[in-house]
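Residue numbers (the numbering used here), protein chains in the order written: chain A, 23 to 383; chain B, 299 to 484. Don't be surprised by glycine CBs; every beta carbon is placed ideally from N, CA and C. Here the structure comes first, spelled out in structure tokens, and everything after it is commentary.
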Amino acid sequence: MNYTEQTGFESLGRMIAIALGLFLVIQGLEYGYLQFNERDLADLCRWDCGWYRTIVENGYNLEPHAHTKRDAANWAFFPAFPLAARGFGELLHLDSALALVVASKFFYFTSVLAFIFFATSYRPSLNPWLAGAIAAANPMVIYGNAGYSEPLFLTLTCISFTCLRQRRYVLGGLVGGALTGTRIVGGSIGFAYLLQVLGQWRKSEHRAGMILGLALIPLGLAIFMAYLHWLMGDALAFVHVQVAWNHGPGNPLQNFINSFDGSLGHFGVALNLVGVFAAIGFLCWRKHFELAIFSTFATLLPLSAGLASMPRYIWWQAPVLFAVALLFERYKLLLWPYFLCCLGFWLFLYQGWFSGSNWVI
Amino acid sequence: MSATTTLKLALSLALATFYAWIFYLASNPNVDSHYRAYYIEGATTISQWERQQLKPYRPGILVTASHSDKLLFENWHYPEEGFLWSKGGASELLFLITDTAPYRGEIILECFYHGPKQRVRVSVNGVFVGSFIGTGEEKARTIHFDPELLIVGPLNRIRFDFPDAAIPKGSDQRVLALALRQVVIH
């Protein structure tokens, strides 16, 4: 069945209903966990959410002030998500921690919805229920519900790719601009865009739109850089402040090899990296080169800084989730065992989240 | 060429100009020398706050390998659980004193080493004061120096050179030699 054969409104209503249903199931599970453990929603705002909280409350730091050496500042965190959370806070009269959690949950819902659109635009025969379930049952679901920028990143990635698929280049570039203002790896959309545009350049009648779309992609990053320069004098402070986290540029291949050093923590990262490279290969095999190049850059960039947080960087990439959806479209019997594994992993992650152990960051 | 096309190209050109300006700003940060050395050039591992907090060292004060307001760790890796690794081929301890008289000229290190043997050369304020070969875990490696080498006012520098510093096998890509647990200067 081709699911895009439905009329526009019918299709939109159906997809919203699917996304909302899946969103509510996950929220119900999380609510049960929080109730059982006597936690509030605002308690979810930990780790990086704490940094976003400083931005929501007081804007970007003028001076570094945190960590043992007082060399850390919130410059490393991009502005689109905390700006949106501040809007939620003012609109709903929420304190900053709750506003961040609510904003991330809102974007978690939009990310499921946007992923359904994205996945069914790239593969019209894909069941929207399956697409939505893969996005909603993300093994790293906690980052979509705890005041992190991941769900906004996924939402914008999906919209941008959907626009590209529909050859709406200016809108795709504009959304890409918002993506580069969300996370540094948002710039990966530029490579995907460029690849797609180059492939269609000769036969296209919309070359000016293609150029403008491409020119719009770095806009979010450029505005953030201009702001940082105006505020504290260093447009690249978001890179330079990584020294406070002991992160430096390195060789991603060497870091990949290092993930096989035998330690249990790195073994999990190694599995995820093997998985993402397999997904990239699979997307190339299916001739979705623009998706493959996005995931290549979105993986290699954080991998060059080390192995920390790699699983969440991988699992919130739209092309990776798309590859997973295609896999389960082929092997439907594996879907329920996969969901059960995800459920077990969520419990593990939520326990880690509240235990104070920083491997969850 | 239609008006829409012209507008799109003009907007693209305006954006390209804006990005060129951002590139210029990024290449010319308007920051002080401490910020530049610490964050941009990586020329120091001492943060500006640590420099501002520095108080004079008094002989016999035990400093553990983390943050201290009596001793600065120049070119050491980020502190780990109870120790910090030297970084590359040389690392320094920096400190201020108010009087040279109470010093008898002794540095006592509690430390351990990367590899079975590490040659260590020590100098105080640019003057070579001794060398040793470090092995295993050492509770009190003592290095003697002439206390007349110390200076009142500017920073004093105890420098350790590690000709055998190397990258360990495994996943750690840092160049390591000596892991310092604590230090006392008399």
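**Asked** Which two residues bound the contiguous beta strand (DSSP E) that contains S377 of chain A?
**Response** Where S377 of chain A is concerned, there is no enclosing beta strand (DSSP E), although the alpha helix (DSSP H) it sits in stretches over 357-377.
**Prompt:** Does any residue of chain A bring its CB to less than 8 Å from the CB of P327 of chain B?
**Reply:** yes
**Request:** Go to V473 of chain B, then tell me how far its alpha helix (DSSP H) extends in each direction, as first and last residue.
**Result:** Unbroken run through V473 of chain B: none, as it is neither H nor E.
**Asked** Closest to F316 of chain A by CA distance: which of A:G303, A:G328, A:A327 is it?
**Response** A:G303
**Asked** If we call anything under 8 Å between Cβ atoms a contact, is A95 of chain A one with N83 of chain A?
**Response** yes
**Message:** Determine whether the beta carbon atoms of Y343 of chain A and F137 of chain A lie at a separation below 8 Å.
**Reply:** In the sequence under discussion, the amino acid at residue 343 of chain A is Leu, which differs from the Tyr named in the question. With respect to the 8 Å criterion, L343 of chain A and F137 of chain A are classified as neighbours on the basis of their beta carbons.
**Request:** Flag this pair as touching only if the region 67-76 of chain A and the region 160-179 of chain A have three or more C-beta atom pairs under 8 Å; answer yes or no.
**Result:** Judged by Cβ distances under 8 Å, the region 67-76 of chain A makes contact with the region 160-179 of chain A, as three or more pairs qualify.
**Prompt:** Is it a yes or a no for the region 471-481 of chain B touching the region 379-396 of chain B, going by three-plus beta-carbon pairs under 8 Å?
**Reply:** yes
**Prompt:** Counting only beta-carbon atoms, is Q471 of chain B nearer than 8 Å to chain A?
**Reply:** yes
**Asked** Is G254 of chain A buried or exposed, if buried means 16 or more other CB atoms sit within 10 Å of its CB?
**Response** It should be noted that the sequence gives Met, not Gly, for residue 254 of chain A. The residue in question, M254 of chain A, is buried, as its Cβ has 16 or more Cβ neighbours within 10 Å.
**Asked** Relative to chain A, which residues along the region 353-385 of chain B have a C-beta separation below 7 Å, given in chain order?
**Response** S364, H365, Y376, P377
**Message:** Quick check on E348 of chain B: buried or exposed, where buried means 16 or more other Cβ atoms within 10 Å of its Cβ?
**Reply:** buried
**Request:** With DSSP collapsed to three states, give me the class of C67 of chain A.
**Result:** coil
**Asked** Between Y191 of chain A and the rest of its own chain, which residues show a CB-CB distance below 6 Å, the 5 nearest in sequence each way excluded?
**Response** Here the set comprises G231, M232, G235.
**Message:** What residue range does the alpha helix (DSSP H) around A318 of chain B cover?
**Reply:** 301-325
**Request:** Could you name the residues of the region 243-272 of chain A whose beta carbon sits closer than 7 Å to any beta carbon of chain B, in the order they occur along the chain?
**Result:** A244, M247, A248, H251, G255, D256, A257, L258, H262, V263, V265, N268, G272
**Request:** Return yes when the C-beta of L476 of chain B is under 7 Å from any heavy atom of the ligand SAM, and no when it is not.
**Result:** Because no ligand of any kind appears in the structure shown, any question about the ligand SAM cannot be addressed here.
**Request:** Check the Cβ of I383 of chain A against every Cβ in chain B and list those closer than 8 Å, keeping chain order.
**Result:** Here the premise fails: no neighbours, minimum Cβ distance about 16 Å.
**Message:** Counting C-beta neighbours from all protein chains within 10 Å, is the total for T321 of chain A 16 or more, i.e. buried, or is it exposed?
**Reply:** buried
**Prompt:** If we ignore side chains and look at the alpha-carbon of each, how far apart do Y334 of chain B and G208 of chain A end up?
**Reply:** The question names Tyr, but residue 334 of chain B is Arg in the sequence shown. Distance between the alpha carbons of R334 of chain B and G208 of chain A is about 27 Å.
**Item:** Under the three-state DSSP convention, the category R455 of chain B falls into
**Value:** strand
**Item:** T343 of chain B to L392 of chain B span [Cα, whole Å]
**Value:** Roughly 12 Å between the two C-alpha positions.
**Neighbourhood of A214 of chain A by C-beta, 6 Å cutoff - its chain only, sequence neighbours within 5 removed** = E312, I315, F316
**Message:** Here's the rule: buried if 16 or more other CB atoms are within 10 angstroms of the residue's CB, otherwise exposed. What is C409 of chain B?
**Reply:** buried
**Prompt:** Which residue's Cα is closest to the Cα of Y53 of chain A: A:S377, A:L135, A:W368, A:F110?
**Reply:** A:W368
**Request:** Can you give me the Cβ contacts of S364 of chain B inside the same chain, cut-off strictly under 6 Å, excluding the 5 residues immediately before and after it?
**Result:** P377
**Prompt:** In chain order, what residues of the same chain lie with their CB nearer than 8 Å to the CB of I431 of chain B, ignoring the 5 residues before and after it?
**Reply:** K415, Q416, R417, V418
**Request:** Hey, could you find the ends of the beta strand (DSSP E) A388 of chain B is sitting in?
**Result:** 388-393
**Request:** Please list, in chain order, all residues of the same chain as G194 of chain A whose beta carbon is under 6 Å from its beta carbon, the five residues on each side excluded.
**Result:** Scanning its chain for C-beta atoms nearer than 6 Å, with the 5 sequence neighbours on each side dropped, one finds around G194 of chain A the residues S182, C185, L186, G235, in chain order.
**chain A residues whose Cβ lies nearer than 7 Å to that of T303 of chain B** = A230
**Prompt:** L241 of chain A touches chain B at which residues, Cβ-Cβ below 9 Å?
**Reply:** L313, F316, Y317
**Request:** Just grab the DSSP bridge partners of I441 of chain B for me.
**Result:** B:I405
**Prompt:** Distance, Cα to Cα, E428 of chain B vs G434 of chain B?
**Reply:** A quick correction: the sequence has Gly, not Glu, at residue 428 of chain B. Whole-angstrom Cα-Cα distance: 19 Å.
**Message:** At a CB distance below 7 Å, what residues from the region 213-237 of chain A approach chain B? Give them in sequence order.
**Reply:** A230, G231, I233, L234, A237
**Prompt:** Taking just the CA atoms, how far does I359 of chain B sit from V546 of chain B?
**Reply:** Lying outside 299 to 484, the shown extent of chain B, residue 546 of chain B is not represented and no answer is given.
**Request:** Measure how close the beta-carbons of A159 of chain A and L313 of chain B come, nearest whole angstrom, since I'm counting them as under 8 Å.
**Result:** With a Cβ gap of about 39 Å, A159 of chain A and L313 of chain B do not count as contacting.
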